[in-house]
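Chains as they are written, first to last, in the working numbering: chain C, 151 to 275; chain U, 151 to 275. Beta carbons: idealized from backbone N, C-alpha and C, even for Gly. In this text, all values refer to a predicted model and were calculated from it rather than measured experimentally. In what follows, a structure is listed as structure tokens, so that the remarks can point back to it.
There are 2 protein chains.
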Amino acid sequence: MKIGELSRRTGVSQRALRYYEQQGMLAPHRRESGYREYGEDAVGAVRRIRTLLAAGLPTRTIAEVLPCIVEVSDEDVASTCPDDLAVYLADERTRISDAITELQTARDLLDRILESRSAAADAHP
Amino acid sequence: MKIGELSRRTGVSQRALRYYEQQGMLAPHRRESGYREYGEDAVGAVRRIRTLLAAGLPTRTIAEVLPCIVEVSDEDVASTCPDDLAVYLADERTRISDAITELQTARDLLDRILESRSAAADAHP
DNA sequence: CTAAAGTCTGACGTCAGTGTCAGAGTCCAC
DNA sequence: GTGGACTCTGACACTGACGTCAGACTTTAG
Numbered sequence: 151m152k153i154g155e156l157s158r159r160t161g162v163s164q165r166a167l168r169y170y171e172q173q174g175m176l177a178p179h180r181r182e183s184g185y186r187e188y189g190e191d192a193v194g195a196v197r198r199i200r201t202l203l204a205a206g207l208p209t210r211t212i213a214e215v216l217p218c219i220v221e222v223s224d225e226d227v228a229s230t231c232p233d234d235l236a237v238y239l240a241d242e243r244t245r246i247s248d249a250i251t252e253l254q255t256a257r258d259l260l261d262r263i264l265e266s267r268s269a270a271a272d273a274h275p
Numbered sequence: 151m152k153i154g155e156l157s158r159r160t161g162v163s164q165r166a167l168r169y170y171e172q173q174g175m176l177a178p179h180r181r182e183s184g185y186r187e188y189g190e191d192a193v194g195a196v197r198r199i200r201t202l203l204a205a206g207l208p209t210r211t212i213a214e215v216l217p218c219i220v221e222v223s224d225e226d227v228a229s230t231c232p233d234d235l236a237v238y239l240a241d242e243r244t245r246i247s248d249a250i251t252e253l254q255t256a257r258d259l260l261d262r263i264l265e266s267r268s269a270a271a272d273a274h275p
């Protein structure tokens, strides 16, 4: 498929898709004309890119880890993942867990604010 | 206290503290000399700023929500929080929950990668 | 065949949250 | 009172992940 379709199917802008390619995270084939040609697997790849980007992993890391992922129906299986990368990924995993905790703290804070507000509304109906 | 002490006590750089002020999130008193003078409550305020920044709230929103927070020992209570802000905060709450889900998805992906890797190591010891 | 729609590269803009540096003024312990 | 530590403002730099625009080329529907 061409870039427009991939963009529509993933919800990711064409600009972003080109950026992903520039960063080595995607490598579509090219037609004679220079048009990018993406395979079906690009949809899953883009989905993973978004997930890892949202988790704060740098593009370089994502570019390294994506080749480790082989699609098996809906599950992902890593094959040739070098040791040093695995160590780094374990660090990232820790960072993500910490981030989750922080977000939960933030959400709790918002909850307390919103809750005490509704409590005040109850007091002055 | 002056900015150096607040920086040490919060682990936040002086540059960042000045930026927070510029964005209206902090409003320290000033000495005759122009030196910033922070109260004890600034420590908690900075802690909340970090939490909400980490959660992706924009500085403008944080500047609006901080005055809603009145310290009650270790709990926070909102007082005069305008309706429209509350609506917006509820949206942010949703966004944060979504972000947590995304992070968990990313962590699961990393787990599958790391797990299948150790499985491969077991297969070829 | 033609016009409209799609795509290309390249470059500059943006935004948040700082880092860093310069040059000048201030504080405080001795 | 002095010297070293601290603080001030202002400005420019930087990073990441894109947005946006220009100008040229390609594809596709009719």
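Which listed residue (the options) has its alpha carbon closest to that of residue i
i, options, result
"residue 152 of chain U", "U:169, U:179, U:172, U:173", "U:179"
"residue 204 of chain C", "U:210, U:191, U:158, U:253", "U:253"
"residue 191 of chain U", "U:210, U:208, U:219", "U:219"
"residue 260 of chain C", "U:154, U:202, U:251, U:259", "U:202"
Residue i burial status per 10 Å Cβ neighbour count (16 or more: buried)
i, result
"residue 244 of chain C", "exposed"
"residue 237 of chain U", "exposed"
"residue 221 of chain C", "exposed"
"residue 183 of chain U", "exposed"
"residue 185 of chain C", "exposed"
"residue 200 of chain U", "buried"
"residue 257 of chain C", "buried"
"residue 198 of chain U", "buried"
"residue 265 of chain U", "exposed"
Residue-level contact to chain U via CB, residue i, 8 Å cutoff
i, result
"residue 212 of chain C", "no"
"residue 157 of chain C", "no"
"residue 196 of chain C", "no"
"residue 242 of chain C", "yes"
"residue 264 of chain C", "yes"
"residue 202 of chain C", "yes"
"residue 239 of chain C", "yes"
"residue 292 of chain C", "For chain C, the structure presents residues 151 to 275; residue 292 of chain C sits outside this window and is missing."
"residue 176 of chain C", "no"
"residue 221 of chain C", "no"
"residue 180 of chain C", "no"
Sequence-distant residues of its chain with Cβ nearer than 7 Å to residue i (five each side left out)
i, result
"residue 215 of chain C", "235, 239"
"residue 207 of chain C", "242"
"residue 231 of chain U", "218"
Proximal residues to residue i (C-beta, below 8 Å), its chain only, five neighbours per side dropped
i, result
"residue 196 of chain C", "156, 160, 162, 167, 170, 176"
"residue 213 of chain U", "173, 174, 175"
"residue 246 of chain C", "205, 206"
"residue 154 of chain U", "164"
Residues bridged to residue i [DSSP beta-bridge criterion]
i, result
"residue 187 of chain U", "U:179"
Same chain, Cβ closer than 6 Å to residue i, neighbours up to 5 away in sequence not counted
i, result
"residue 188 of chain U", "151, 156, 178"
"residue 210 of chain U", "none"
Short CB-CB distance (under 8 Å) between residue i and chain C
i, result
"residue 173 of chain U", "no"
"residue 215 of chain U", "yes"
"residue 209 of chain U", "no"
"residue 192 of chain U", "no"
"residue 160 of chain U", "no"
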